[in-house]
Amino acid sequence: MGENKRITVVCGHYGCGKTNLTLNLALEAAGEGQPVTVVDLDIVNPYFRSSEYGELLGEKGVRLIAPVFANTTLDTPTLPPEIYSVFEPQAGRVFLDAGGDDAGVTALGGLHAMLEEAGYDMLYVINRYRVLSQTPEETAALLGEIQAASRLRATGLVNNSHLGVETTLETLERALPFARKTAELTHLPLLYSTAPDFALGEGEALPQGFRKVKRYVKFLWE
1 MGENKRITVV
11 CGHYGCGKTN
21 LTLNLALEAA
31 GEGQPVTVVD
41 LDIVNPYFRS
51 SEYGELLGEK
61 GVRLIAPVFA
71 NTTLDTPTLP
81 PEIYSVFEPQ
91 AGRVFLDAGG
101 DDAGVTALGG
111 LHAMLEEAGY
121 DMLYVINRYR
131 VLSQTPEETA
141 ALLGEIQAAS
151 RLRATGLVNN
161 SHLGVETTLE
171 TLERALPFAR
181 KTAELTHLPL
191 LYSTAPDFAL
201 GEGEALPQGF
211 RKVKRYVKFL
221 WE
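Numbered by full-length UniProt numbering, the letters in the sequence shown go through residues 1 to 222 in order.
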């Protein structure tokens, strides 16, 4: 699932599945023997954050940078010096979990000049089954807000539409028109759609254009 650039930003609305995708991308890269760094910029959400999976990442040799934004304002979030180490070659493949909140995206904007110079991929993760992003029009508008706050441009879409443990093959296929229309409205390529590893029943093949992902992030009640 790796992209062309060494640095990949993963962004999207609350609950779209950014963190789970980030974990999959990072662990896959680590499995290929690459040095990998994950940066968690999800400031507000205390539950679905890359930093909650530090032990899992550490076991696979993935370095985690999870800054504490003490006394931060939304306008001028302060980035700790450790974050700037991602621009050094020894950081290896870098995945930034941008978070779904204004503070996280604005903090990302503090890196925009260095990201532009280094080169980056920015994946916009979309999920038809999440509140406020259930139509292509809503989802395209949210991307505009993210790009304005981060001062970065998305380079591709990842359709991560799912319903948690209730996801089936029909769930996945029902979201494809939504994903294609969002790609059309945002003028971005739909890179792939994800399929949770448990979603396919016996004898069901992975549809074309889908990539299987492991489900690391679970809801509190599971």
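Where a beta carbon is used, it is the ideal one built from N, C-alpha and C, also for glycine.
Keep in mind that this is a model prediction, so the values were computed, not measured.
According to the neighbour-count rule (16 or more other Cβ atoms, all chains shown, within 10 Å of its Cβ), is S161 buried or exposed? Working through the sequence shown from its first residue, we reach residue 161 at position 161. Buried is the call here.
Neighbourhood of P196 by C-beta, 7 angstroms cutoff - its chain only, sequence neighbours within 5 removed: The residue you call residue 196 lines up with position 196 of the sequence shown. Hits under 7 angstroms: H162, T167, V213 and R215.
Does DSSP classify T72 as helix, strand or coil? Here residue 72 refers to the residue found at position 72 when the sequence shown is read from its first residue. In this prediction, T72 scores a pLDDT of 48, lower than 50, which makes its location untrustworthy; no coordinate-derived value is stated.
Hey, out of V86, V217 and L123, whose CA is closest to T191's CA? In the sequence shown, the residue the question calls residue 191 occupies position 191. Just to set this straight, residue 191 is Leu in the shown sequence, not Thr. If we check each option's Cα against that of L191, L123 comes out closest.
Consult DSSP for L163 and reduce its assignment to one of helix, strand or coil. The residue you call residue 163 lines up with position 163 of the sequence shown. Reduced to three states, the DSSP call for L163 is coil.
Would DSSP call Y47 helix, strand or coil? Your numbering for residue 47 matches position 47 in the sequence shown. In this prediction, Y47 has a pLDDT of 47, which is less than 50 and means its spatial position is unreliable; nothing more can be read from the coordinates.
Can you give me the C-alpha to C-alpha distance between A175 and N127, rounded to a whole angstrom? Looking up residue 175 in the sequence shown gives position 175. Looking up residue 127 in the sequence shown gives position 127. A175 and N127 have their alpha carbons spaced roughly 8 angstroms apart.
My understanding is that M140 touches T106, with C-beta atoms under 8 angstroms, so please give their C-beta distance in whole angstroms. The residue labelled residue 140 in the question sits at position 140 within the sequence shown. The residue labelled residue 106 in the question sits at position 106 within the sequence shown. Note that residue 140 is Ala in the sequence shown here, rather than Met. The pair is not a contact, with the Cβ atoms about 21 angstroms apart (cut-off 8 angstroms).
Give me the DSSP bridge partner(s) of A195. For the purposes of this step, residue 195 is identified with residue 195 of the sequence shown, where counting begins at 1. Partner(s): K212.
Is the region 151–161 touching the region 13–23 in the sense that three or more CB pairs, one from each, lie closer than 8 angstroms? The region 13–23 is in contact with the region 151–161.
Pull up the distance between the alpha-carbon of residue 295 and that of A148, whole angstroms please. Nothing in the structure corresponds to residue 295, since the chain is present only between 1 and 222.
Looking at C-alpha atoms only, which residue of L172, G156 and Y53 is the closest neighbour of V9? Residue mapping note: residue 9 aligns to position 9 of the sequence shown, counting from 1. Of the candidates L172, G156 and Y53, the one whose C-alpha sits nearest the C-alpha of V9 is G156.
When the Cα of G61 is compared with those of G33, S85 and L41, which residue comes out closest? Against the sequence shown, residue 61 aligns to sequence position 61. When only C-alpha atoms are compared, the closest one is G33.
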